[in-house]
Amino acid sequence: MTRIVSGTHGGRSLDVPDRGTRPTSERVREALFSRLESWDEIDGARVIDLFAGSGALGLEAMSRGAHRCVLVDSAPGAVKVLRKNVSRNKFENVEVVRSDAAKFKSIHDFTLAFLDPPYDIEPARLVEVLEHLANFLAHDALVVVELSSRTAEPTWPQGYLRESDRKWGETRVWFLTFEGKPDTV
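One point on numbering: in the numbering used here, the residue at position 11 of the sequence shown is 12, and numbering is uninterrupted.
1. Tell me whether Thr185 is buried or exposed, calling it buried when 16 or more other Cβ atoms sit within 10 Å of its Cβ.
2. If distances are taken between C-alpha atoms only, which option among Glu171, Val144 and Trp169 comes closest to Thr178?
3. Per DSSP, what kind of secondary structure is Ala103 in: helix, strand or coil?
4. According to the Cβ coordinates, are Gly16 and Asn90 closer than 8 Å?
5. By a C-beta neighbour count over all protein chains shown, 10 Å radius and 16 as the cutoff for buried, is Ala46 buried or exposed?
6. Note down the Cα distance separating Thr9 from Glu164, rounded to an integer number of angstroms.
7. Using the beta-carbon count (16 or more within 10 Å), is Thr3 buried or exposed?
8. Given a threshold of 16 other Cβ atoms within 10 Å of its Cβ, counted over all protein chains shown, does Val5 qualify as buried or as exposed?
9. Helix, strand or coil, according to DSSP, for Phe176 in the structure here?
10. How far does the beta strand (DSSP E) with His140 in it extend, from its first residue to its last?
11. Is there contact here, the segment 54 to 67 with the segment 27 to 35, by at least three beta-carbon pairs under 8 Å?
12. Pop quiz: Asp50 and Cys70 are said to be a contact at Cβ under 8 Å. What is the actual Cβ separation, rounded to whole angstroms?
13. DSSP beta-bridge partners for Phe111?
14. For Leu72, collect the residues of the same chain with a Cβ closer than 6 Å to its Cβ; drop the 5 residues on either side in sequence, then sort them by chain order.
15. Excluding the 5 residues flanking Ala139 on each side, which residues of the same chain have their C-beta closer than 8 Å to its C-beta?
16. Please look up how many angstroms separate the CB atoms of Ala153 and Val130, rounded, as I've assumed it's under 8 Å.
17. Output the distance between the C-alpha atoms of Arg65 and Pro124, rounded to the nearest integer angstrom.
18. Lys168 by DSSP, collapsed to three states: which one?
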């Protein structure tokens with residue numbers, strides 16, 4: 002079990018799917034969200050959390066002032082846990098979607114995206130997900146990608162600008178700005 006670190010739902014617990022999920026640690030989430038808040042990226046944000054697992058990243062954003070959140074995961078067990086976490090903690094404006102991260106559909110243009118895939122994700126698969134995500138991002142959206150600190154920096158698809166990265170223990174987080182799809186850049 003993990004918990005929401007801060008905000009209106011701070012301290013509330015979140016269940017974690019049984020297998021195949023590695024929730025972002027509370028220490029990493031606290032540092033990550035401190036950075037996002039200092040950049041004024043959360044208040045009123047339209048958030049998507051891909052490979053959501055327990056929903057810790059998306060629900061942390063909601064607790065800290067995001068306007069709307071879509072949680073996407075393909076695993077039936079994770080989707081069940083996501084729905085339970087949203088319901089038990091009485092989150093509003095949160096949608097849970099069971100879908101492959103490279104196939105989800107949405108009517109929203111997201112301003113903040115979290116990608117916390119399995120650490121062993123193939124580079125081509127990450128690019129596939131980011132290219133699909135581009136169809137649903139607002140111009141200048143912030144995209145946060147979490148991978149193992151041992152993973153080499155991925156090759157980012159066209160339209161994504163690497164702003165910075167940060168390492169916390171076994172976790173490395175890359176911050177990208179979405180500048181637009183190649184045909185609109």
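All C-beta atoms in this analysis are idealised placements derived from N, C-alpha and C, irrespective of residue type, glycine included.
Reading it off the structure:
1. Residue confidence is low: Thr185 scores 49 on pLDDT, short of 50, so the model does not pin down where it sits. Its coordinate-derived value is still stated next. Label assigned to Thr185: exposed.
2. Val144
3. coil
4. Here the sequence assigns Asp to residue 16, which means Gly is not the residue at that position. Against a cut-off of 8 Å, the Cβ pair of Asn90 and Asp16 comes out as no contact.
5. buried
6. 29 Å
7. buried
8. In the sequence on display, residue 5 carries Ile and not Val. The residue in question, Ile5, is buried, as its Cβ has 16 or more Cβ neighbours within 10 Å.
9. strand
10. Leu138 to Ser149
11. yes
12. 7 Å
13. Leu138
14. Asp50, Ala53, Gly56, Gly59, Leu83 and Val97
15. Arg47, Asp110, Phe111, Thr112 and Phe179
16. The pair is not a contact, with the Cβ atoms about 17 Å apart (cut-off 8 Å).
17. 31 Å
18. strand
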